[in-house]
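*Asks:* Numbering (the UniProt record's numbering), first residue to last: 1 to 283.
Yeah, the Cβ is synthetic: ideal placement off N, Cα and C, and Gly gets one too.
Would you mind keeping the following structure in view while I ask a few things?
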Amino acid sequence: MAQLTWLVTGCSSGLGEAFVMGILARGDKVIATTRGDVARISALKEAGARTYSLDVTASQDEISAIVLDILNDGPIDVLVNNAGYIEAGLAEEASYENYLSQFETNFFGVIKATRAVLPHFREKKAGIVVFLGSSGGIAGEPGAGPYCATKHALEGWNDCLRQETAHLNIKSIIFELGFFRTKMMHPDNIKFRTNPITEYDYVRELVGQFVQKMNGNQPGDPKKAVNIMIDVVKGEGVAEGKAMPTRLPLGPDVLSTMRKTCVNNLAICNEWEDVIRSTDLDK
Ligand SMILES: NC(=O)c1ccc[n+]([C@@H]2O[C@H](COP(=O)([O-])OP(=O)(O)OC[C@H]3O[C@@H](n4cnc5c(N)ncnc54)[C@H](OP(=O)(O)O)[C@@H]3O)[C@@H](O)[C@H]2O)c1
Numbered sequence: 001m002a003q004l005t006w007l008v009t010g011c012s013s014g015l016g017e018a019f020v021m022g023i024l025a026r027g028d029k030v031i032a033t034t035r036g037d038v039a040r041i042s043a044l045k046e047a048g049a050r051t052y053s054l055d056v057t058a059s060q061d062e063i064s065a066i067v068l069d070i071l072n073d074g075p076i077d078v079l080v081n082n083a084g085y086i087e088a089g090l091a092e093e094a095s096y097e098n099y100l101s102q103f104e105t106n107f108f109g110v111i112k113a114t115r116a117v118l119p120h121f122r123e124k125k126a127g128i129v130v131f132l133g134s135s136g137g138i139a140g141e142p143g144a145g146p147y148c149a150t151k152h153a154l155e156g157w158n159d160c161l162r163q164e165t166a167h168l169n170i171k172s173i174i175f176e177l178g179f180f181r182t183k184m185m186h187p188d189n190i191k192f193r194t195n196p197i198t199e200y201d202y203v204r205e206l207v208g209q210f211v212q213k214m215n216g217n218q219p220g221d222p223k224k225a226v227n228i229m230i231d232v233v234k235g236e237g238v239a240e241g242k243a244m245p246t247r248l249p250l251g252p253d254v255l256s257t258m259r260k261t262c263v264n265n266l267a268i269c270n271e272w273e274d275v276i277r278s279t280d281l282d283k
């Protein structure tokens, strides 16, 4: 495939950083972004990336202006909506503000960045939008209500966007990752702001123990995930000869989550089919 130019959000660590290094290793061009001072990603600049400051919680006008600035130096072929964090919390205990804050980054941040790039993709009748989904966007997990809600929201938005832009040769895909070893679950990054309700003490305690145990012990290798995602976007390597799927789970843990969800949904359709079909107005 021809050389592509990628724009990646949230490159200060984890999958974003791995994306930039993986993209450069393929001989493609990359614009790496971080919130705050670009000096935070000077190592990526030294490796060959162009670097920009971009906080996905900025206003649509500010994000669109940054993208226009980037476009002055040349076209973008792929947007990777990577920036995100986990707002943990039990469904009832998490406050409205906790939910808002999570949606500002993981959902509205993604929408704003994508809406900033779409006019360019429409104009050149080409472009690929990548979303970082999660097993939490396929099925819910206790203690992750705000996070899972944003990842479910991305699933729906991707499905709409893909169908609306197909005739413009704009593609999109959501990768649904299991647990990958990044700093995401480190106590400095994961937010577990909660308004404790006694009846949930036991569940909250279990969630806290799970997060602590998982931090630093996630089975997934970010570099392997990134290499597969780059293959899929470029139609190379493991994706050679395959059409780009609408969604792709990555990691044995998320494969089992997706299978279980499919089987459960099918079982509901089969067991309740007569009832489900019975709701149309009488002819
Ligand atoms: N690791 C996993 O197991 C896993 C599983 C499923 C999905 N994902 C998704 O993968 C993506 C990357 O996560 P990661 O695992 O690589 O975690 P990470 O190492 O914590 O990286 C998250 C990145 O997002 C950035 N970010 C957060 N808020 C931002 C904002 N408002 N504007 C711009 N950048 C922002 C962070 O920057 P700062 O340094 O400034 O905080 C950091 O660079 C996320 O969308 C996450 O939901 C990860």
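Count the other CB atoms, across all protein chains shown, that sit within 10 Å of the CB of Gly241; report buried if there are 16 or more and exposed otherwise.
*Replies:* Answer is exposed; the Cβ neighbour count stays below 16.
*Asks:* Specify whether the stretch 152-168 and the stretch 194-210 touch according to this definition: at least 3 beta carbon pairs, one from each stretch, less than 8 angstroms apart.
*Replies:* Cβ pair count under 8 angstroms is below three, so no.
*Asks:* Out of curiosity, what's the CA-to-CA distance linking Gln218 and Gly140?
*Replies:* Looking at the two C-alpha atoms, the distance is approximately 18 angstroms.
*Asks:* Taking the alpha-carbon of Pro146 as reference, which of Ser12, Ile138, Phe103, Thr114 has the nearest alpha-carbon?
*Replies:* Considering only alpha carbons, the answer is Phe103.
*Asks:* For Pro249, name the three-state secondary structure that DSSP assigns.
*Replies:* Strand.
*Asks:* Could you tell me how far apart the beta carbons of Leu4 and Val117 are, in whole angstroms, since I believe they sit closer than 8 angstroms?
*Replies:* Rounded, the Cβ-Cβ distance is 14 angstroms, inconsistent with contact.
*Asks:* Under 8 angstroms by Cβ, that's how I've got Met229 and Val110 pegged, so tell me the actual separation to the nearest angstrom.
*Replies:* Incorrect: roughly 16 angstroms between the Cβ atoms, too far for contact.
*Asks:* Asp231 to Ala166, Cα distance in whole Å?
*Replies:* About 21 angstroms.
*Asks:* Is Lys224 near ligand 1, judged by its Cβ being under 8 angstroms from some heavy atom?
*Replies:* No; taking the cut-off as 8 angstroms, the Cβ of Lys224 has no heavy atom of ligand 1 nearer than that.
*Asks:* Please name the residue, chosen from Thr33, Gly84, Asn195, that lies closest to Glu97 on a Cα-to-Cα basis.
*Replies:* Checking every option, the nearest Cα to that of Glu97 belongs to Asn195.
*Asks:* Identify which residue in Ala43, Ser95, Asp37 has its Cα closest to the Cα of Val20.
*Replies:* Closest option to Val20, Cα to Cα, is Ala43.
*Asks:* Which residue wins for smallest C-alpha separation from Arg181, given the options Gly216, Cys160, Ile190, Lys171?
*Replies:* Answer by Cα proximity: Gly216.
*Asks:* Check whether the stretch 84-91 and the stretch 43-53 are in contact - that is, three or more C-beta pairs closer than 8 angstroms.
*Replies:* Contact between the stretch 84-91 and the stretch 43-53 is absent, because fewer than three Cβ pairs lie under 8 angstroms.
*Asks:* Any heavy atom of ligand 1 inside 8 angstroms of the beta-carbon of Gly16?
*Replies:* Under cutoff, so the answer is yes.
*Asks:* Note the first and the last residue of the continuous beta strand (DSSP E) segment covering Asn81.
*Replies:* First-last of the beta strand (DSSP E) with Asn81: 78-81.
*Asks:* What does the Cβ neighbour count give for Pro249, buried or exposed, with the cut at 16 atoms within 10 Å?
*Replies:* Burial call: buried.
*Asks:* Using only CA atoms, which one of Met184, Ala239, Lys29, Lys125 lies nearest to Tyr169?
*Replies:* Looking at the sequence provided, one finds Asn at residue 169 rather than Tyr. That would be Lys125, whose Cα lies nearest to the Cα of Asn169.
*Asks:* Report yes or no: do three or more beta-carbon pairs, one from the stretch 205-214 and one from the stretch 245-261, lie closer than 8 angstroms?
*Replies:* No, the stretch 205-214 is not in contact with the stretch 245-261.
*Asks:* When you compare only the Cα positions, how much space is there between Ala144 and His120?
*Replies:* Looking at the two C-alpha atoms, the distance is approximately 35 angstroms.
*Asks:* Compare the Cα-Cα distances from Lys29 to each of Pro245, Ala39, Gly36, Leu7 and report the closest residue.
*Replies:* Of the candidates Pro245, Ala39, Gly36, Leu7, the one whose C-alpha sits nearest the C-alpha of Lys29 is Leu7.
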